[in-house]
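Count along the sequence shown from 1, add 378, and you get the number used in this note's numbering. Notes to accompany the following structure.
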Amino acid sequence: MNEISCRVVKTFLDYVKNTRPEFLPSLLEGIPHDHDYLSNPDHWISWDVERLLEERLADLYKDEMIMFKIGRSILTYKSVGIVNILFNLFMTPERLIRYTPRIAQYFTRDVVTINVIETTRESATIELKIKGRQTRGACLYNQGMYSVFTELFGLEPAEVSEVQCVVPLNEIGRYNGRYYRIEEDMRVLESDRPDRNGRIAGTAEKPGAFRINGITFGAPSCIYRLKWENKIIKLVRKSAGKKQALNDALQHLEDNHRKLQGAYERLWKSEANYRNLMENASDIICFVDSAGIITSLNRKGLELSGYTTDEMVGQHFLGFVDEEYRREAFLRFRRAFRPSSDPFEMVVRTKDSGLLILSVNSNPVQEGRDAVGLMIIARDITKEREIGVRLIEAERFAAKGMVAAEIAHEINNSLANIETALFIVNSLKTDAKYKQDIFKDMYEEIERMSGIVKGILEVYRSDDAILQSVDLNTETKKVINMTRRRLDGKAISIVSSLTPDLQSIPCNPGHIKQVLLNLIKNAEEAMASSSRKLIEINTSQDNGTVRLAVKDTGCGIPEPMREKVFSPLYTSKAEGSGFGLSVCRQIVRKYSGTISIESEVDKGTTVVVSFPVKDHAEHTDS
C-alpha cells in the first residue's frame, strides 16, 4: 500500500486554518483519521486519502490551482521547518548534496538527479530531474515550493519550470571523490585531486551528473531548471554582496517610485477631468456627508445661491432650505439613502433672501457596502414655475370670456323670471297662497344667481389662499350645477356617479373647479359633431388616492397626440388657446397628483385625475 508522510497534509490543514477555518469540517468529513493524527508529521496516510483531500480543497476553494498556491504560501507557516532547511540547501549545491539524507525523512523514497546544464561568463544553469509517483496536486505543491525560492531573495516570481535564485557557484566543492570549482571566468573545473598549490588540475566542458537517492519532491517526472545570473551571484558574495544588494534595493525603490509617480499622474489627470466636468456643469452639483453637512459645491451652485465656498462648505444643507420646505427636505434626505429615491422639488433661499425652486435628484455615495453621503444634482426651475403660474393666470383670463357670457346669460334669465313674477304680483289680483308660491320661485332664482357668483369667485380666488380640506364630491356637484343649463341648451347630457364618503384632499377648491370646468369644456367641444352627446363624471377612492374621471362620447384622441395635448399652446381646435390641459396638469401636479388620458378614436375620451388624500400624505411624511 503506497503511503505519504502527513507533513504535506499538515501544510494543507495549516493553510485552511489560516485562510478559511470554516472549511475544516467539510474537508475532514468521512476521513478515517482525525485532525490531530493528520497534523503530526511523523504519521503516514495512504495516497487515496491524500488525493481525496486534494480534490476537496479544489472544490471548497473553487480553484484548481490551490495546491500551487499552498506551496507558494508555505513561507507563512513557521511550523514547516523544511523551508528553512531548503533555503540553506539551495544557497550552495554542495549543501544540497550533503544534507540529502537529513531531509529524506520528509518525503517518500525516490531519486533526484542533478545536472549542471550550462556555464558561461554570464550565467549558470542547473537542472533537477525528479522521479516519483506523486499526484498532480502534490506536483503543484512542490512547484509552489520551488517558486518561493525567488521570493527568499526579493526577486519577482519566475516561471515554475525556471526559477531564479542566488547561489555562489564557486562553492560547489568536492563530491564522490571528485573536485569541482567555478573559476572567475565561470569555467567549471573538475579533477580527482587538487594540485600542490590547492588548485584543481584539468577542466571538464560537461561535468558529470550527480545521482542522489532518498528524496522526493514531485510528480512521476518533473524537471526544474534553476538559472543564476552573474550579477545576482554577486548579491551573496562576501566581498561585494552588501553593496550590490543595496544598489539593487535602491534600483527597486526607484522603479517602484516611477510606477507610483505614473499612477499618481494618471489619478491626478482623472481627478482634474472630474473636477473640470463638475465645475463647468450647467446644473448644481453638491456633495453632503451622511449627517447632511455640505462637503463640496460646484461653481453653478455658488453662482445661483450667491454664497462663497467658505460660507457653504461645512454647513448643514437644511440651513439654506426655505423654512416652509425644511421638514419635507429633511424627510427626502433620509429617503435618499434607500436603494431607489424619486426626484423631488426643494425651495432654497439665496444670500440676498431670494428663492430658488430646484428639481433635485440624489444618489448615495458608497464606500464598500456603506453609504457615506449623497451626490445631489439640482436644476433651477424657478423660471419654469413662474411661466407655469403665468399660464394658469392666462387660462383664467381666457376662461373669463367664456364664463362671463354664461354668467350674463344665466343672470339675465333669472332677472327676467323675477321681473315677470313681480309684474304678476303687482298687476294681478291673486290669492295669498299663489303670491307665496311666486315669491318662493323668486327666492330660488336669487339663490341660484348667488351660487353662480360664489362659484365664479372661487374659480378666480388667488393662489395664495390657505389650503383647505376639500371634498371632491361637493366641488363636483357645484360645477355640474353651474354648467347643466348651458349643456342642456346644447343637447348635452351630463350624469355623475360619485362614491360616497370620499376622504378629503388638501388644496384650493377654486383650482378643483377650474380643472373640472376645463375638462367639461374640452368634452363639450370634442362632441360637437357627435350624434350622441354624453358627459359622465365619476369619483372613486383606492389605496390612499381619490380619483376623478371625466368621460365623453366625442371624436377621441389619436395615440401620437395624447402626450402632446398637455403641452402649452398645443391645440387641434381653431378657436382653442392651447392652455387648457397644460394648466390642468400644472394644477394637479401642484398637489402631488397625476392626470392621464384613455381614448379611442370615434368612441370617446376619459381623463382621469388622481390626488393623494390628506391622511395618506401625512402618514407618508411621518
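All residues carry an ideal CB built from backbone N, CA and C; glycine is no exception.
Buried versus exposed call for residue i [16 or more other C-beta atoms within 10 Å across all chains shown]
i	result
Ser-683	buried
Ile-765	exposed
Asp-392	buried
Val-987	buried
Pro-721	exposed
Glu-902	buried
Leu-895	buried
Ser-740	buried
Phe-698	buried
Asn-921	exposed
Gly-732	exposed
Glu-432	buried
Pro-990	buried
Gly-888	buried
Ser-960	buried
Asn-396	exposed
Gly-580	With a pLDDT of 36 at Gly-580, under the threshold of 50, the modelled position of that residue is not reliable, and the figure given next carries that caveat. Flag for Gly-580 reads exposed.
Val-979	exposed
Lys-729	exposed
Gly-971	buried
Lys-856	buried
Arg-385	buried
Ser-977	buried
Glu-681	exposed
Alpha-carbon to alpha-carbon, residue j and residue i
i	j	result
Thr-513	Arg-429	Residue placement at Thr-513 is poorly supported in this model, since its pLDDT is 32, which falls under 50; the coordinates are not used for a value here.
Leu-865	Glu-853	18 angstroms
Pro-938	Ile-759	28 angstroms
Pro-419	His-413	12 angstroms
Ala-906	Arg-727	50 angstroms
Arg-910	Ser-882	34 angstroms
Lys-868	Arg-862	10 angstroms
His-421	Asp-437	25 angstroms
Asp-688	Asp-441	54 angstroms
Thr-686	Ile-671	16 angstroms
Lys-818	Asn-916	33 angstroms
Glu-914	Asn-886	24 angstroms
Val-387	Thr-673	55 angstroms
Phe-711	Leu-675	17 angstroms
Lys-981	Lys-942	20 angstroms
Cys-664	Asn-654	14 angstroms
Ser-668	Ala-659	24 angstroms
Val-691	Gly-679	11 angstroms
Ser-840	Asp-815	Annotation note: pLDDT 47 at Ser-840 (below 50); position unreliable, coordinate value reported separately. Straight-line Cα distance between these residues: approximately 40 angstroms.
Ser-417	Glu-745	41 angstroms
Tyr-969	Lys-811	52 angstroms
Arg-713	Gly-408	52 angstroms
Asn-900	Cys-962	11 angstroms
Arg-967	Ile-973	8 angstroms
Val-394	Tyr-439	10 angstroms
Ser-875	Met-860	17 angstroms
Within 8 angstroms, strictly: CB atoms of residue i and residue j
i	j	result
Val-924	Ile-898	no
Asp-661	Ile-755	yes
Leu-926	Leu-850	yes
Ile-444	Thr-389	no
Glu-762	Val-738	no
Pro-742	Phe-708	no
Pro-410	Val-427	yes
Ala-904	Thr-984	no
Expected contact under 8 angstroms - CB spacing of residue i and residue j to nearest Å
i	j	result
Thr-931	Ser-908	6 angstroms
Val-848	Ile-965	With 8 angstroms as the limit, Val-848 and Ile-965 do not qualify as a contact, their Cβ atoms being about 13 angstroms apart.
Val-666	Phe-695	6 angstroms
Leu-435	Leu-405	7 angstroms
Ile-935	Ile-870	So it is not a contact: roughly 19 angstroms between Cβ atoms.
Ile-890	Ile-872	Their Cβ separation, rounded to whole angstroms, is 17 angstroms, which puts Ile-890 and Ile-872 out of contact at 8 angstroms.
Arg-636	Glu-657	That belief does not hold up - the Cβ atoms of Arg-636 and Glu-657 are roughly 31 angstroms apart, past 8 angstroms.
Residue i beta carbon near the ligand GTP (any heavy atom closer than 7 angstroms)
i	result
Lys-678	Absence of the ligand GTP from the depicted structure is noted, as is the absence of any ligand whatsoever, leaving it without description.
Stretch-stretch touch, CB-based, cutoff 8 angstroms, three pairs: the stretch 699-707 with the stretch 741-759: no
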